[in-house]
Amino acid sequence: MPSWRPHQDVGAAVLSPRVRGAAVGDDVVDLEDPALALTHPRFAERVCDEDERARLACSREPKALLWALFAAKEAAFKAVSKGGATPVFAHRRFCVAPDLESVRYGALVLPLEIELGDGFVHAVAGARAPTAMARRIPPGADPSAAVRELVARELAPRLGVRSEHIEVVREPSSDTYDGLGPPRLFVRGAPSHLDISMSHDGRFAAFAACVGPGR
Amino acid sequence: MTQEEVMEKVVGILKPFVKSPEALASVSMQTSILKDLKINSARLVDIVLEIEDTFGIAVKDEDADKVKTVGDAVTLIVQAKV
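Protein chains in written order, with my numbering: chain A, 467 to 681; chain B, -17 to 64.
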C-alpha cells in the first residue's frame, strides 16, 4: 500500500520549463460528507476496474482508497478533456496504478498525485510537480466563490500580483456535465500561461495549477 | 408506464440526494441535475445505479454520460423500457 503524502508545494516549479506542456485536472472529496452514506452497494463495481476492486478488497483503508480512486479518475478526466473533444466519462476506463502515481486512459498515462488530508482526499492528474492545495470552505461561504478566492489568494504572490488582479473564467460549454468549460486563469485581464483546475465538495475547496499545454 | 409515472419515480430516486428540498419543489424535465439540484458526479453514479435497480434496466456508460437533466434521465428510462 503506497504511503499517502501531502502535495509538494513547489511554487517556483509552477513556472518551470520541465512541466511545460501539461494540462492539469483535480478533484477533492469530503470524506465526512453525510452523503457518502448513500453510496450504492454497486458503486465500486461501476467506477473501478477488476484490478482496482481487488485492491479495495485487500485495503486496510477501503473508504479512503475508494474515494482516492474516484477523485483520481475525475481529475484525469478533467485533464484529458482539455486535449480536444470531451471523451465519454466512464470511470472504469480511467485506470489508477497500484502505486497511485499514475492514471492510464487508453494509451495515455497521466502523472497523479494524491493527498489524504484531515477529512479529505485531493487528487491532481496530468502534471508533474503542480501547485495544488485543498482548504476548508469558510462556514456559510458559496463553494464556487470560495475556490476562486483560494486560487487568487494562493497564486497572486507566486505571480507577483495582487489577488484582485486574478480572475477565473469558465465559458459556457455544451460538452460538459455542468454546462461550463474548463477554468481559465486571467491575470490583469490577460490569459495566463498557467493551466488550472478547481473543485469543491462538502467542506472543502481545492485547486491545482501548472504551466499550460503548448506554452 | 407513462412518462409521468417514470418522472415521479425518478424524482423519488433523486430526493435523498438533493440537499435543498426547495430545489425539488419546482422540478421539471428541464431541471439540471448538477446546477439546479446541486448533485455532484459521485451521487450521479449512485442515481444511475438506483435507476438500474428501480426500472430493471442496464445503463451503458455512454448513455449515463448524457444524463444532465431530469428529462434526460426520464427519456433514457422510457427508451430502455420500449
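By construction, the Cβ of each residue, glycine as well, lies at the ideal position given by its N, Cα and C atoms.
In this structure, how does DSSP classify residue i when only helix, strand and coil are distinguished?
i, result
"C514/A", "coil"
"H666/A", "strand"
"H631/A", "helix"
"G487/A", "Reliability of the predicted coordinates at G487/A is poor, the pLDDT of 48 falling under 50, and the value obtained from them is presented with this limitation in mind. Coil."
"E579/A", "strand"
"A671/A", "strand"
"T597/A", "strand"
"V590/A", "strand"
"A556/A", "coil"
"T51/B", "strand"
"D661/A", "strand"
"V569/A", "strand"
"D584/A", "coil"
"D67/B", "The structure shown does not extend to residue 67/B, since chain B is modelled only from -17 to 64, so the question has no answer here."
"A656/A", "strand"
"S610/A", "helix"
"P(-2)/B", "helix"
"V9/B", "coil"
"P648/A", "coil"
"R602/A", "strand"
"L497/A", "coil"
"S547/A", "helix"
Here's the rule: buried if 16 or more other CB atoms are within 10 angstroms of the residue's CB, otherwise exposed. What is residue i?
i, result
"F670/A", "buried"
"G592/A", "buried"
"R614/A", "buried"
"R601/A", "buried"
"F673/A", "buried"
"S547/A", "buried"
"G550/A", "exposed"
"V30/B", "buried"
"P468/A", "At P468/A, the pLDDT of 40 sits below 50, so the modelled position is not reliable; the number obtained from the coordinates is stated separately. Classification for P468/A: exposed."
"F543/A", "buried"
"S663/A", "buried"
"V635/A", "exposed"
"P648/A", "buried"
"K(-3)/B", "exposed"
"G(-6)/B", "exposed"
"F658/A", "Looking at the sequence shown, residue 658/A is not Phe but Ser. S658/A is buried by the Cβ-count criterion."
"S665/A", "buried"
Are the Cβ atoms of residue i and residue j separated by less than 8 Å?
i, j, result
"E567/A", "L578/A", "yes"
"D47/B", "V513/A", "no"
"V41/B", "E34/B", "yes"
"H588/A", "A573/A", "no"
"D517/A", "D667/A", "no"
"Q12/B", "V60/B", "no"
"V562/A", "L532/A", "no"
"V495/A", "F560/A", "no"
"A675/A", "P605/A", "no"
"I15/B", "V52/B", "yes"
"A618/A", "S610/A", "no"
"A62/B", "I39/B", "yes"
"F(-1)/B", "L504/A", "yes"
Between residue i and the ligand COA, is the CB less than 7 Å from at least one heavy atom?
i, result
"E4/B", "The model on display carries no ligand, and the ligand COA is accordingly not part of it."
Could you tell me how far apart the beta carbons of residue i and residue j are, in whole angstroms, since I believe they sit closer than 8 Å?
i, j, result
"H506/A", "D28/B", "4 Å"
"L497/A", "A530/A", "7 Å"
"A541/A", "D492/A", "5 Å"
"L625/A", "V653/A", "6 Å"
Task: Residues from the segment 587 to 615 of chain A in contact with chain B, defined by Cβ distance under 8 Å - done: Flagged: no residues at all.
Task: Residues, ordered as in the chain, of the segment 22 to 51 of chain B that lie near chain A by beta-carbon distance below 7 Å - done: Taking a C-beta cut-off of 7 Å against chain A, the contacting residues of the segment 22 to 51 of chain B are N22, S23, A24, R25, V27, D28, L31, E32, D43, E44, D47, K50, listed in chain order.
Task: Residues of the segment -11 to 1 of chain B whose Cβ lies closer than 9 Å to any Cβ of chain A, in chain order - done: The residues in question are P(-2), F(-1), K1.
- [ ] Please name the residues in the segment 502 to 518 of chain A whose beta-carbon is closer than 7 Å to at least one beta-carbon of chain B, in chain order.
- [x] Taking 7 Å as the Cβ-Cβ cut-off against chain B, the residues of the segment 502 to 518 of chain A that qualify are L504, T505, H506, R508, F509, R512, V513.
- [ ] Check distances from the C-beta atoms of the segment 555 to 572 of chain A to those of chain C and list, in chain order, the residues that come in under 8 Å.
- [x] No chain C appears in the structure shown, which is made up of the protein chains A and B.
Task: Residues from the segment 530 to 543 of chain A in contact with chain B, defined by Cβ distance under 7 Å - done: Within the segment 530 to 543 of chain A, the residues whose Cβ lies closer than 7 Å to any Cβ of chain B are, in chain order, F536, E540.
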